[in-house]
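J.:
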Amino acid sequence: MLETWLIEMAKGIGKFFLNPLSYWALFLFLLTGYKRVKMERKQFSTKIFNLFAEGQKTLIISIAFSIILSIITVFSGIVLTFETILLIIVVTVLVSITGSTTFLSASYTIGMTFILLLILPFLQLSAIESFIGFNNISLIHFISLAILAGVFLLIEAILVSRKTNRQTFPHLTLSHRGIWIGQHHIKGLAFIPFFVLMPIDKLSGIAPFWPYFHYGEQSFSLVFIPFLLGFHYRVQGELPNIAAQRVGYATFWLSLLVLACAFSSLFFPYLAFAAIFIAIIGKEWITYRHKLKDKKKPAFFSPLNKGIKVLATIPNGPADRLGIVVGETVLKVNGNIVTNPTQFYEALQNSGAFFKLDVLDHKGEVRFINSALYEEDHHELGIIFPEKPDNQ
Numbered sequence: 001m002l003e004t005w006l007i008e009m010a011k012g013i014g015k016f017f018l019n020p021l022s023y024w025a026l027f028l029f030l031l032t033g034y035k036r037v038k039m040e041r042k043q044f045s046t047k048i049f050n051l052f053a054e055g056q057k058t059l060i061i062s063i064a065f066s067i068i069l070s071i072i073t074v075f076s077g078i079v080l081t082f083e084t085i086l087l088i089i090v091v092t093v094l095v096s097i098t099g100s101t102t103f104l105s106a107s108y109t110i111g112m113t114f115i116l117l118l119i120l121p122f123l124q125l126s127a128i129e130s131f132i133g134f135n136n137i138s139l140i141h142f143i144s145l146a147i148l149a150g151v152f153l154l155i156e157a158i159l160v161s162r163k164t165n166r167q168t169f170p171h172l173t174l175s176h177r178g179i180w181i182g183q184h185h186i187k188g189l190a191f192i193p194f195f196v197l198m199p200i201d202k203l204s205g206i207a208p209f210w211p212y213f214h215y216g217e218q219s220f221s222l223v224f225i226p227f228l229l230g231f232h233y234r235v236q237g238e239l240p241n242i243a244a245q246r247v248g249y250a251t252f253w254l255s256l257l258v259l260a261c262a263f264s265s266l267f268f269p270y271l272a273f274a275a276i277f278i279a280i281i282g283k284e285w286i287t288y289r290h291k292l293k294d295k296k297k298p299a300f301f302s303p304l305n306k307g308i309k310v311l312a313t314i315p316n317g318p319a320d321r322l323g324i325v326v327g328e329t330v331l332k333v334n335g336n337i338v339t340n341p342t343q344f345y346e347a348l349q350n351s352g353a354f355f356k357l358d359v360l361d362h363k364g365e366v367r368f369i370n371s372a373l374y375e376e377d378h379h380e381l382g383i384i385f386p387e388k389p390d391n392q
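Numbering (the UniProt record's numbering), first residue to last: 1 to 392.
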């Protein structure tokens, strides 16, 4: 029996490379990174983060949950039909076709798949009924989707709450007062493949294509599904890591509520519908509350009467090595008070081989930074300030 499972797992991994979502994931990573880098060059005249920055720091979590989720799905009897998997692929591509990660939350991708599975059996789809049919969807498939939605929301909560100020993306925008201010994009993209059982007894046209085995009277295929998980929030009223922790905490409690309903649906099946409803409405509520709170706060990255706010630092640049972090304020350069990037640059160029910075940290304490200025260093030490974009 164990040998059969191992063989099917190997075959499932092989079929993974035939899934179009695997290649869409790679394309989406490239598209998202390309659009961001293009924006960075347009606003700041330099690339700040690398092309795959949206997916950085997600590999370990993705691998861990890929294993955990596969164990849960296979040994708890969670099954997804071919139609369900196909809809997940279609929905994922449609909500991310512009390169946006906003709607790649499981609340939307699995939620929309769930809703479509409810609607499509009532539609006349004669063109594809010879290949696939949506009339073989039963309650167990809806329960499976509800459980998956809860698990992926839990993963999303972990990914969001782990975002630091060095992992969010700066952006410049014009305030309602006509002043250029900075904001941060809390954005992430994760690729989490997992094994799931797919019943094939009603897919006679597909059965020869998929590796399968018999378990009792039912035939199953062990499929390795690539799943894309993403999120995107904007913040300008506080440090991005604080907003990320708050949103992540709210998403965590949402995931527990969805999971509670989903597992309860094993005994009361129609609670699966409540789980998906809560997942969608809860996600919308979290997003709405975040936007409302952020809008009420004054811009955190805005021009000051004394000093300049640090909007971002280029990774591995001079400022990054010196420990200057997002949200700190540069008060003086070589004893000269600076209030805009031009003054900062001029004071730095007149400092000779060495410079001294007075920096106000998050605790309201001033620390002094002394360092040599090298010829190859970025002209502003790799510090990104909230100022009028270079293209304006």
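Positions of the beta carbon are idealized from the N, C-alpha and C atoms, including for glycine.
Please look up how many angstroms separate the CB atoms of G230 and L189, rounded, as I've assumed it's under 8 Å.
T.: Here residue 230 refers to the residue found at position 230 of the sequence shown. Here residue 189 refers to the residue found at position 189 of the sequence shown. Confirmed, Cβ separation roughly 5 Å.
J.: Helix, strand or coil for S255? Go by DSSP, reduced to three states.
T.: Position 255 of the sequence shown, counted from the start, is the residue given in the question as residue 255. Here S255 sits in helix by DSSP.
J.: In this structure, how does DSSP classify T164 when only helix, strand and coil are distinguished?
T.: Walking along the sequence shown from the start, residue 164 turns up at place 164. Coil.
J.: Can you give me the C-alpha to C-alpha distance between I324 and I314, rounded to a whole angstrom?
T.: On the sequence shown, residue 324 is found 324 positions in, with the first residue counted as 1. On the sequence shown, residue 314 is found 314 positions in, with the first residue counted as 1. Spanning the two alpha carbons is a distance of roughly 10 Å.
J.: Can you tell me where the beta strand (DSSP E) with K57 in it begins and where it stops?
T.: Taking the sequence shown and counting its residues from 1, the one referred to as residue 57 is at position 57. Taken as a continuous stretch (DSSP letters only), K57 belongs to no beta strand (DSSP E), as it is neither H nor E.
J.: Can you check which of these residues, S100, F263, I48, I60, is closest to F142 by C-alpha distance?
T.: To locate residue 142, count along the sequence shown from 1; it is residue 142. When only C-alpha atoms are compared, the closest one is F263.
J.: May I ask you to list the residues that DSSP assigns as paired with P199?
T.: Within the sequence shown, numbered from 1, the residue matching residue 199 stands at position 199. In the DSSP output, where bridge partners are listed per residue, P199 has F220.
J.: If we ignore side chains and look at the alpha-carbon of each, how far apart do L256 and S105 end up?
T.: Against the sequence shown, residue 256 aligns to sequence position 256. Against the sequence shown, residue 105 aligns to sequence position 105. So the alpha carbons of these two residues sit roughly 15 Å apart.
J.: Per DSSP, what are the beta-bridge partners of Y270 in this structure?
T.: Here residue 270 refers to the residue found at position 270 when the sequence shown is read from its first residue. DSSP, once it has assigned bridges, lists no residue as partnering Y270.
J.: Restricting to Cα atoms, I'd like to know which of T102, F122, L87 is closest to M112.
T.: One-based indexing of the sequence shown puts residue 112 at position 112. Minimum Cα distance to M112 is reached at L87.
J.: Could you tell me which residues DSSP puts in a beta bridge with N336?
T.: Stepping through the sequence shown from its first residue, residue 336 is reached at position 336. DSSP, once it has assigned bridges, lists V333 as partnering N336.
J.: Please determine if the segment 270-289 and the segment 334-351 are in contact, where contact requires at least 3 C-beta pairs separated by less than 8 Å.
T.: Output reads no: the segment 334-351 does not touch the segment 270-289.
J.: By DSSP, does A190 sit in helix, in strand, or in coil?
T.: By one-based count along the sequence shown, residue 190 stands at place 190. Residue state, collapsed to three classes: strand.
J.: Measuring only from the beta carbon, is L87 closer than 7 Å to any heavy atom that is part of the ligand FAD?
T.: With respect to small molecules bound, the structure shown includes none, and the ligand FAD cannot be examined in it.
J.: So K356 is in the beta strand (DSSP E); what residue range does that whole segment cover?
T.: For this step, residue 356 is matched to residue 356 along the sequence shown. 354-360 is the span of the beta strand (DSSP E), which, as asked, contains K356.
J.: In angstroms, rounded to a whole number, what distance separates the CA positions of V95 and E380?
T.: On the sequence shown, residue 95 is found 95 positions in, with the first residue counted as 1. On the sequence shown, residue 380 is found 380 positions in, with the first residue counted as 1. V95 and E380: Cα-Cα distance of roughly 39 Å.
J.: Looking at the strands, I want to know which residues DSSP matches up with T313.
T.: For the purposes of this step, residue 313 is taken as the residue at position 313 of the sequence shown. In the DSSP output, where bridge partners are listed per residue, T313 has I383.
J.: Alpha carbon to alpha carbon, how far is T287 from N340?
T.: The residue you call residue 287 lines up with position 287 of the sequence shown. The residue you call residue 340 lines up with position 340 of the sequence shown. Each residue's Cα considered, the two are about 33 Å apart.
J.: Based on Cα-Cα distance, which residue from R41, F82, L118 lies nearest to F224?
T.: Counting from 1 along the sequence shown, the entry for residue 224 is found at position 224. Here the closest residue by C-alpha is F82.
J.: Can you check which of these residues, F385, F52, K38, is closest to residue 395 by C-alpha distance?
T.: The displayed coordinates of the chain run from 1 to 392. Any statement about residue 395 would go beyond what the structure contains.
J.: Is the distance from the Cβ of F252 to the Cβ of L154 below 8 Å?
T.: The count along the sequence shown starts at 1 and reaches residue 252 at position 252. The count along the sequence shown starts at 1 and reaches residue 154 at position 154. Yes. Within cutoff.
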